[in-house]
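To start, the structure itself, in structure tokens.
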Amino acid sequence: MGLRWYHFALWAAFIAIMVAIPEFVSKGTLRIIIFANFLAIFAISWDVLSGRTGYISFGHPFLIGIGAYTSAILTKRFDVPIEWAIPAAVVMTMIGGIIVFLPALRIKGSYFALVTLAFMELTYQLVQVIRPDLTGGTRGMSGVQTLTRGALNGYYLSASLMVTIALSMWLLMRTQLGTALSAIGMNEESVRGSGLSTTKLKLFAFLTSAFVAGLGGAFYVHYLGSIAPRALFDINFLFTIIVAALIGGASTIIGPVIGAFFLTFLLEYLRPYLPGAERYFIYGLIALLLYMYEPKGIIELLRKGWHRLFSRHSVETPS
Amino acid sequence: MSHPLQIDKLVKRFGGLVATDNLSFTVEQGQSVGLIGPNGAGKTTVFAQIMGEHRQTSGSIRLYGKDIGAASTPERIRLGVSRTYQVPRPFAEMTVLENIRVGQMPNNLWQMIRRKPQHEKEVELALSVGFLPSDLGKTPGELSMGDLRKLEMARTMATGTSVMLLDEVFAGLTVAEIAQIASLIQQMRKDGMTFLIVSHDLKALEPLVDKVIAINYGARIAEGTFAEVMNNADVRSSYLGAA
Numbered sequence: 008m009g010l011r012w013y014h015f016a017l018w019a020a021f022i023a024i025m026v027a028i029p030e031f032v033s034k035g036t037l038r039i040i041i042f043a044n045f046l047a048i049f050a051i052s053w054d055v056l057s058g059r060t061g062y063i064s065f066g067h068p069f070l071i072g073i074g075a076y077t078s079a080i081l082t083k084r085f086d087v088p089i090e091w092a093i094p095a096a097v098v099m100t101m102i103g104g105i106i107v108f109l110p111a112l113r114i115k116g117s118y119f120a121l122v123t124l125a126f127m128e129l130t131y132q133l134v135q136v137i138r139p140d141l142t143g144g145t146r147g148m149s150g151v152q153t154l155t156r157g158a159l160n161g162y163y164l165s166a167s168l169m170v171t172i173a174l175s176m177w178l179l180m181r182t183q184l185g186t187a188l189s190a191i192g193m194n195e196e197s198v199r200g201s202g203l204s205t206t207k208l209k210l211f212a213f214l215t216s217a218f219v220a221g222l223g224g225a226f227y228v229h230y231l232g233s234i235a236p237r238a239l240f241d242i243n244f245l246f247t248i249i250v251a252a253l254i255g256g257a258s259t260i261i262g263p264v265i266g267a268f269f270l271t272f273l274l275e276y277l278r279p280y281l282p283g284a285e286r287y288f289i290y291g292l293i294a295l296l297l298y299m300y301e302p303k304g305i306i307e308l309l310r311k312g313w314h315r316l317f318s319r320h321s322v323e324t325p326s
Numbered sequence: 632m633s634h635p636l637q638i639d640k641l642v643k644r645f646g647g648l649v650a651t652d653n654l655s656f657t658v659e660q661g662q663s664v665g666l667i668g669p670n671g672a673g674k675t676t677v678f679a680q681i682m683g684e685h686r687q688t689s690g691s692i693r694l695y696g697k698d699i700g701a702a703s704t705p706e707r708i709r710l711g712v713s714r715t716y717q718v719p720r721p722f723a724e725m726t727v728l729e730n731i732r733v734g735q736m737p738n739n740l741w742q743m744i745r746r747k748p749q750h751e752k753e754v755e756l757a758l759s760v761g762f763l764p765s766d767l768g769k770t771p772g773e774l775s776m777g778d779l780r781k782l783e784m785a786r787t788m789a790t791g792t793s794v795m796l797l798d799e800v801f802a803g804l805t806v807a808e809i810a811q812i813a814s815l816i817q818q819m820r821k822d823g824m825t826f827l828i829v830s831h832d833l834k835a836l837e838p839l840v841d842k843v844i845a846i847n848y849g850a851r852i853a854e855g856t857f858a859e860v861m862n863n864a865d866v867r868s869s870y871l872g873a874a
């Protein structure tokens, strides 16, 4: 996989920072970081599928929603222990991933994106009318069992989940499999023409993405202790995930993590100055400028900076 | 012994249009066969059917004696037949070596994760089609048309193919590049590769082929050595449009 010393150094530094953060920040900031951790998980999930294969998913809240709802319903309505509910939620989300995969056998590009958007909208309408006694209908659910108490425990749980997912996906994407998935994004016909089954590869990408989304969704609902369909199946939530992945650097796993933190803090720090929706104007402007001048995202800016610092010693760029 | 490629009574209809009309031919082991015909004669459609990109309406395609009519494109490639495209289709954001790597990969997800890229073999393939060591890290955007053709041939060879279908390999190339590609094909013929080559550049094709098949409106109009086919009255009229 071509691991180098600086890969170990960077990962060690990343983990050390994540462990040390609670020592330096307030409870309030910690709660913001917890949200950034979950956003990073969702952005990684999106990146594994859309960043690599080019099948742009506008339906990620659909997958996250399956994970969150399954675990919430199982624990709250059926008293299933949480350690069984979460794996069950992940399995359900992967089944959802297969549903999203089916149109990808036939269509791609914007048509695929729109179909996945329809999945999200459809689920939003369905949870309100089908068995509202289970889903809580429009009002959603509250009083869902939580895994942790207090910001500190919530932080450690979300951070270790995020770091574990990021590290394992990063390692997975550095194998030849990751190369093959990227190749699909560049030219799917040529991948077939190289003797590889694109159906198999795409199914793997959808299942892996759904696995991460389901895990994130289930843990998220057990952190919040509640679920609100209007906030979950929401176009703003969807775009926050996608912009986090793109602004950080799609197809890199680490980029989406950086993007998620950048975006979360940007929106939070603008809050005192611009309490309303105007914040989104600044956020849009920054995203636009970044895409214009560095379409590969923040990670590419960092990479260039690193390269400038160390170019005398190393011709390789970290990736 | 069974032939590498045997096509029997192949028919392909697109609605009312007969694109391949009862076409039969055989390519023998180590042979290089030219497939020629005027624009729209159905040469590329024949390629597409051999590769399984289009399914034939009727007739059979055999690869080393095995009927591959029901196999998918990746399955056919693993059985030993591959093609290049008239317009090269590289992976735009990958280096030369990474492009070749995709051709080398095993079609098994677990093996893909477990196995490391065979770096030496990638380099060997890249150099064997005529890349310089300094080209290996370049991306397709930095390559000339001739280099893109070489890259396609290297990626095709990386799949372990023994029958290569080349679609208009000389289109859009400079004279020097044509000479390079031609000598590459000659070298590969010596190494035992079986070829089916479509080309409009008959002058470049002549030294590369043992046999030529001419088709028009999807049907075979002549078969034989290059000189025989060129002197065939039907071939001349199909190209020149005169009787």
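Each protein sequence line maps, in turn, to chains D and Y.
Heads up: the first sequence runs through residues 8 to 326, numbered per the working numbering.
Heads up: the second sequence runs through residues 632 to 874, numbered per the working numbering.
Using N, Cα and C, we set each Cβ at its ideal position, and we do this for glycine too.
Computed from a predicted structure; not experimentally measured.
Handout entry: Under 8 Å from the C-beta of D/L203: neighbouring residues of chain Y
Key = P705, V733, M736 and N738
Practice task
Determine the DSSP secondary structure at D/S165, reduced to helix, strand or coil.
Solution key: helix
Exercise for the section: Check the Cβ-Cβ distances between D/L178 and every residue of chain Y, and say whether any is below 7 Å. Expected result: no
Problem - Anticipated Cβ contact below 8 Å, D/G224 with D/G9, distance rounded - result: 33 Å between Cβ atoms; not a contact.
Handout entry: Same chain only: Cβ atoms within 7 Å of D/F244, ignoring 5 sequence neighbours per side
Key = P68 and A238
Exercise for the section: Can you grab the Cα-Cα spacing for the pair Y/T651 / D/T186, in whole Å? Expected result: 37 Å
Problem - At least 3 beta-carbon pairs within less than 8 Å: the stretch 52-69 of chain D vs the stretch 189-196 of chain D - result: yes
Practice task
Answer with yes or no whether the minimum CB distance from D/M193 to chain Y is below 7 Å.
Solution key: yes
Practice task
Count the C-beta pairs between the stretch 793-802 of chain Y and the stretch 827-837 of chain Y that are closer than 8 Å, then say yes if the count reaches three, no if not.
Solution key: yes
Practice task
Starting from Y/T651, trace the alpha helix (DSSP H) both ways and give me its first and last residue.
Solution key: Run containing Y/T651: none in the alpha helix (DSSP H); it sits in the beta strand (DSSP E), L648 to V658.
Practice task
Would you mind telling me which residues of chain Y sit closer than 7 Å to D/R199, beta carbon to beta carbon, in chain order?
Solution key: T704 and P705
Practice task
Report the residue from Y/V642, Y/I852 and Y/Q662 whose alpha carbon sits nearest the alpha carbon of Y/A679.
Solution key: Y/V642
Practice task
Kindly say whether D/F211, judged by its beta-carbon, lies nearer than 7 Å to any beta-carbon of chain Y.
Solution key: yes
Handout entry: When Y/K752, Y/G700 and Y/T676 are compared against Y/P846, the one with the closest alpha-carbon
Key = Note that residue 846 of chain Y is Ile in the sequence shown, not Pro. The residue with the shortest Cα to Cα distance from Y/I846 is Y/T676.
Problem - Spatial distance of D/T82 from D/I249 (CA atoms) - result: 30 Å
Handout entry: Among D/P279, D/F268, D/Y290 and D/I289, nearest to D/I306 - alpha-carbon criterion
Key = D/F268
Problem - Selected residue, minimal CA-CA separation from Y/M788, among D/V170, D/L129 and D/G202 - result: D/G202
Exercise for the section: Could you check how far apart the C-beta atoms of Y/K842 and Y/V664 are, in whole angstroms? I think they sit under 8 Å. Expected result: 5 Å
Practice task
Could you check which residue in D/Y300, D/I39 and D/R310 has the C-alpha nearest to that of D/Y162?
Solution key: D/I39
Handout entry: Best match in D/T130, D/T153 and D/T155 for proximity to D/T145 [C-alpha to C-alpha]
Key = D/T130
Handout entry: Reference Y/G661, options Y/H685, Y/A807, Y/M795 and Y/A858, closest by Cα
Key = Y/M795
Handout entry: Residue environment, D/Y118, which counts as buried when at least 16 other CB atoms sit within 10 Å
Key = exposed
Handout entry: Y/N847, DSSP secondary structure in three states
Key = strand
Handout entry: Amino acids of chain Y, ordered along the chain, whose beta-carbon sits closer than 8 Å to that of D/A190
Key = F722, M725 and V733
Handout entry: D/G283 - containing beta strand (DSSP E), residue span
Key = From DSSP, D/G283 is part of no beta strand (DSSP E); its letter is neither H nor E.
Exercise for the section: Kindly say whether Y/T790, judged by its beta-carbon, lies nearer than 7 Å to any beta-carbon of chain B. Expected result: No chain B appears in the structure shown, which is made up of the protein chains D and Y.
Exercise for the section: Report yes or no: do the stretch 228-235 of chain D and the stretch 28-36 of chain D share at least 3 C-beta pairs separated by less than 8 Å? Expected result: no
Exercise for the section: Please list, in chain order, all residues of the same chain as D/I106 whose beta carbon is under 8 Å from its beta carbon, the five residues on each side excluded. Expected result: F126
Problem - CB contact below 7 Å: Y/P669 versus chain D - result: no
Problem - Y/I828 - partner residues in DSSP beta bridges - result: Y/G665 and Y/L797
Problem - Residue(s) in a DSSP beta bridge with Y/I692 - result: Y/I638
Exercise for the section: Would you mind sorting D/E323 into buried or exposed? The rule is 16 or more other CB atoms within 10 Å of its CB. Expected result: With a pLDDT of 48 at D/E323, under the threshold of 50, the predicted position of this residue should be treated as unreliable, though the coordinate-derived value follows. By the neighbour-count rule (16 or more Cβ atoms within 10 Å), D/E323 is not buried but exposed.
Problem - Three-state secondary structure (DSSP) of Y/A802 - result: coil
Practice task
Starting from the Cα of D/A23, find the closest Cα among D/A166, D/V87 and D/F108 and give me that residue.
Solution key: D/A166
Practice task
Could you tell me how far apart the beta carbons of Y/L694 and Y/L710 are, in whole angstroms, since I believe they sit closer than 8 Å?
Solution key: 5 Å
Handout entry: Closest residue to Y/S633 among Y/I692, Y/H750, Y/L648 and Y/N653 (Cα-Cα distance)
Key = Y/I692
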